[in-house]
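Visitor: Numbering (this note's numbering), first residue to last: 4 to 72.
#1: Put residue 58 into one of helix, strand or coil per three-state DSSP.
#2: Could you pull the start and end residues of the alpha helix (DSSP H) that residue 48 belongs to?
#3: One question on the structure: do residue 71 and residue 48 come within less than 8 angstroms of each other, judged by their Cβ atoms?
#4: Give a yes or no on contact between the region 27-34 and the region 4-15, applying the rule of three or more CB pairs nearer than 8 angstroms.
#5: With DSSP as the reference, label residue 32 as helix, strand or coil.
Have a look at this one:
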């Protein structure tokens, strides 16, 4: 591989990585139990068992989960 080819390959890899980071920042988090997206009305916090983000209000989460089943 030539120097120019290696340089363009590195630059392309950097562009792809930056695009993935931007997509990750824009993605909404979802509750691991009921699947609702994070918003001002439904803030997410850490799950007590450490399995991912979950609703802070357990009763509301359980009711949404029961409705979806």
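Beta carbons are placed, not taken as given, at the ideal position from N, Cα and C, and that holds for glycine. Predicted model, so just to flag it, every value in this text is computed and none were measured.
Guide: The short version:
#1: strand
#2: No alpha helix (DSSP H) holds residue 48; the beta strand (DSSP E) holding it covers 47-49.
#3: no
#4: no
#5: coil
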